[in-house]
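Working notes, structure below.
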Amino acid sequence: MTLKKEKPQIKILDNQVNMVYHLIKVGNMFKISSLFKEAKRLNKTIVFPEAEYSERVIKAVEIVLKKQIAKVILLGNPEKILEKSKRLKKAIIIEPKNSELMPEFIEELVRIRGHKGVDEAKAKELLADNFYFATMLVEMGYADGYLGGAKTSTSDVLRPALQIIKTEEGIKTASSCFMIVGTNKLGFGENNVLFVADSALNISPSAEQLKDIVLSTTKTAVDFCNISPKVAMLSFSSFGSGGDEDASILKIREAIELVKKEKRELTIDGEMQLDCALVKEVAKVKAKNSLVAGQANILIFPDLNSGNIGYKLIERFGKLQAVGVIMQGFKKPINDLSRGCNVKDIVIMTAITSIQAKD
Numbered sequence: 109m110t111l112k113k114e115k116p117q118i119k120i121l122d123n124q125v126n127m128v129y130h131l132i133k134v135g136n137m138f139k140i141s142s143l144f145k146e147a148k149r150l151n152k153t154i155v156f157p158e159a160e161y162s163e164r165v166i167k168a169v170e171i172v173l174k175k176q177i178a179k180v181i182l183l184g185n186p187e188k189i190l191e192k193s194k195r196l197k198k199a200i201i202i203e204p205k206n207s208e209l210m211p212e213f214i215e216e217l218v219r220i221r222g223h224k225g226v227d228e229a230k231a232k233e234l235l236a237d238n239f240y241f242a243t244m245l246v247e248m249g250y251a252d253g254y255l256g257g258a259k260t261s262t263s264d265v266l267r268p269a270l271q272i273i274k275t276e277e278g279i280k281t282a283s284s285c286f287m288i289v290g291t292n293k294l295g296f297g298e299n300n301v302l303f304v305a306d307s308a309l310n311i312s313p314s315a316e317q318l319k320d321i322v323l324s325t326t327k328t329a330v331d332f333c334n335i336s337p338k339v340a341m342l343s344f345s346s347f348g349s350g351g352d353e354d355a356s357i358l359k360i361r362e363a364i365e366l367v368k369k370e371k372r373e374l375t376i377d378g379e380m381q382l383d384c385a386l387v388k389e390v391a392k393v394k395a396k397n398s399l400v401a402g403q404a405n406i407l408i409f410p411d412l413n414s415g416n417i418g419y420k421l422i423e424r425f426g427k428l429q430a431v432g433v434i435m436q437g438f439k440k441p442i443n444d445l446s447r448g449c450n451v452k453d454i455v456i457m458t459a460i461t462s463i464q465a466k467d
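One rule links them: number in our numbering = place in the sequence shown (from 1) + 108.
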């Protein structure tokens, strides 16, 4: 089945939709609009598994099509989807249970998961689920990535990808990060962009998992912003100030050594406290010889508790914008929206998913 289509020609969108696009296009030193420009150039195909059930997804797809940020595949009942918006006629709409791709996908899913007891009947049952079908569209090359989670839990969004697409070579642990953008008095990051991880997925990562998180987040930062990575491994301690025997500190130090063995050229340091990582005056006192302290643009938290709390503190108290959740470490682009996401978030994440597919 050929899923290629002409570029959408939608001439008119209501004032609300155009206003949303304007709001996300302006206002930061790092221009979020640059993500849209790059996504439009790449012209990738992104799957939305929740179009039938989410008005936010429908509104976001209208913008994506209007601005030609990506080509779009919507999963669900075509009549029900088109009832929600006549502006989606140029999108490809597939109802998995009736798709002519089903026999091909069943055969491939049995090949991939047969060792786990997935036979033809089980494969057919799984592929009736929009997220399994979306995963197979990406795995088989009919689409470049998928974006879901507006109405679905993270575990249900990611489970098919973990089972079918899996992680990229050299990375055993999928992870997540946020891109923090906006002007700030400290001038932290590079061009006022800061990446923080893992803030949404791994609860208590091991040293080996922290290594994977560092490598994946570094790749994400370079791909999106072309920055020179300076990675701070965060802790309650700065270079032994909290004692040398705490298990969490030892884990961080082990992770740093693992990173250095695999990627010698990466600028990474720690363990260090958040103020030591970001504030030059503090860094001069606590770590005057560090190449990272006071100028970090990537923050790696030791666990999900601190990572999730930390990025929200930075966002809210700094009056900044957290872009994400950006999933990383998969062989192909898979992204999970927050169930509290708005239309703006979905449009931005569509562009991000497209850019992740550029390789």
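Glycine included, C-beta positions come from ideal geometry on N, C-alpha and C. Here the structure is a predicted model, which is why all the values come from computation and not from measurement.
Item, Value
"Which listed residue (L382, I335, V390) has its alpha carbon closest to that of L374", "I335"
"From L245, I460, L407, I360, residue whose alpha carbon lies closest to that of G432", "I460"
"Alpha carbon of L182 to alpha carbon of M248, nearest angstrom", "17 Å"
"Neighbourhood of K232 by C-beta, 8 Å cutoff - its chain only, sequence neighbours within 5 removed", "M210, I214"
"Under the three-state DSSP convention, the category F241 falls into", "helix"
"DSSP state of A315 mapped onto helix, strand, coil", "helix"
"For C333: DSSP bridge partner residues", "BP columns for C333 are empty, so no partner."
"3-residue-minimum beta strand (DSSP E) runs that sit fully inside the segment 393 to 467, ordered along the chain", "406 to 408, 429 to 436, 442 to 444"
"K359, DSSP secondary structure in three states", "helix"
"Residue burial classification, R424 (beta-carbon count within 10 angstroms, cutoff 16)", "exposed"
"Span separating the alpha-carbon of V451 from that of A258", "10 Å"
"Given 8 Å, three or more beta-carbon pairs between the segment 339 to 357 and the segment 375 to 388", "yes"
"Close-in-space but distant-in-sequence residues of the same chain around G448 (CB under 7 Å, 5 per side omitted)", "none"
"Three-state class that DSSP yields for M210 in the structure shown", "helix"
"Limits of the alpha helix (DSSP H) - the one that I202 falls within", "Where I202 is concerned, there is no enclosing alpha helix (DSSP H), although the beta strand (DSSP E) it sits in stretches over 200 to 202."
"T281 (DSSP reduced to helix, strand or coil)", "coil"
"Rounded C-alpha distance that separates L399 from V393", "14 Å"
"Segment limits, beta strand (DSSP E) that includes A340", "338 to 342"
"For S462 and I154, believed in contact at Cβ under 8 Å, the rounded distance", "6 Å"
"Classification of D352 by the beta-carbon crowding that lies within 10 angstroms, buried from 16 upward", "exposed"
"Check whether K152 and G256 have beta carbons under 9 Å apart", "no"
"Beta-carbon proximity check, E163 vs K192, cutoff 9 Å", "yes"
"Straight-line Cα distance separating P313 from K368", "18 Å"
"Among K274, T326, G225, A229, the one whose alpha carbon lies nearest that of T243", "K274"
"One or two residues paired with K179 in a DSSP bridge", "T153"
"Exposure of I132, with buried meaning 16 or more beta-carbon neighbours within 10 Å", "With a pLDDT of only 39 at I132, under 50, the local geometry of the prediction cannot be trusted, and the value read off the model is given with reservation. Buried is the call here."
"The segment 406 to 421 in contact with the segment 222 to 231 per 3-pair CB rule at 8 Å", "no"
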